[in-house]
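Read through the structure below, which is laid out as structure tokens, and then see the notes.
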Amino acid sequence: QKEVEQDPGPLSVPEGAIVSLNCTYSNSAFQYFMWYRQYSRKGPELLMYTYSSGNKEDGRFTAQVDKSSKYISLFIRDSQPSDSATYLCAMSVGGAQKLVFGQGTRLTINP
Amino acid sequence: AAGVIQSPRHLIKEKRETATLKCYPIPRHDTVYWYQQGPGQDPQFLISFYEKMQSDKGSIPDRFSAQQFSDYHSELNMSSLELGDSALYFCASSPTGEDTDTQYFGPGTRLTVL
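Put into structure tokens, the structure is as follows:
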């Protein structure tokens, strides 16, 4: 079983919808949680980064962490066709250690 | 803003050949990480360096080696290439200080082994 589980999708929603992406993890040592966006054949782009339970908002994006349930989410409001990409959750134990990724969710926003 | 630079962007090699991938981190970032991403897979950690010393090692084959130089750039050397080494190879860098756990990825090198 992978340390980080993420539904690979694909997920297809209409433009303007609210998107919810989720990951669960098994390693309670994970302290830092990130969401990356990856367009086809490109490098992962850091979207959100948080290290505490609760919500963190940045524009149309909200990252949510629940350490007690070992569950993290990314919400995208007012989704745009340009948001179509693969979204990867990633985690680390801290101290500039390696990232452990989920499988990635492929998201398509339909105009 | 400056980003992580990787070269070459594409590389085609034959089986049993060698390849060298280069990574130039964001200025003032002193930690470099290498990841391998197979088709349809998530990135897998290979190795990392902090201040020119190896700081962590993941699932990196013995055929691969890497180092970080005095200017903080890093090179991944791959020998006796196998078909299964065909993948995207990403380099990431992170700064010291409170943001040390944020890793910024380069565009990747696509390696094809024939």
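Here the protein sequences line up with chains A and B, keeping their order.
Under the working numbering, the first residue of the first sequence is numbered 1, with each subsequent residue one higher.
Under the working numbering, the first residue of the second sequence is numbered 1001, with each subsequent residue one higher.
Idealized CB from N, CA, C, for every residue including glycine.
Neighbourhood of T1018(B) by C-beta distance below 6 Å, restricted to the same chain and skipping five residues each side:
S1079
Could you tell me which residues DSSP puts in a beta bridge with G54(A)?
V65(A)
Starting from the Cα of T62(A), find the closest Cα among G102(A), S68(A), S53(A) and P10(A) and give me that residue.
S53(A)
Which partner residues of H1029(B) appear in the DSSP bridge assignment?
P1095(B)
Between G102(A), T105(A), T86(A) and S79(A), which lies nearest to V13(A) when the distance is taken from Cα to Cα?
S79(A)
Exposed unless 16 or more other CB atoms sit within 10 angstroms - verdict on A85(A)
buried
Given L107(A) as reference, the closest of C23(A), L46(A), R60(A) and P81(A) once Cα atoms are compared:
P81(A)
Could you list the residues in the segment 1021-1054 of chain B with a C-beta less than 7 Å from some C-beta on chain A, going in chain order?
T1031, Y1033, D1042, P1043, F1045, S1048 and Y1050
Exposure of Q1041(B), with buried meaning 16 or more beta-carbon neighbours within 10 Å
exposed
To the nearest angstrom, how far is the alpha carbon of A1087(B) from that of K2(A)?
20 Å
Straight-line CA distance for I18(A) to I1060(B)?
39 Å
Cutting at 6 Å between CB atoms, please list the residues of its own chain near K56(A), excluding the five before and the five after it.
T50 and A63
Residue span of the beta strand (DSSP E) that contains I1047(B), given as start and end
Q1044 to Y1050
Among residues of its own chain, excluding the 5 on either side of Q31(A), which ones have a beta-carbon nearer than 7 Å to its beta-carbon?
Y51, V93 and G94
Starting from the beta carbon of K56(A), find every residue of chain B whose beta carbon is closer than 8 Å, and list them in chain order.
Per Cβ cutoff of 8 Å: no residues; K56(A) is ~13 Å from chain B at best.
Interface flag, T1109(B) vs chain A, CB-CB below 7 Å
no
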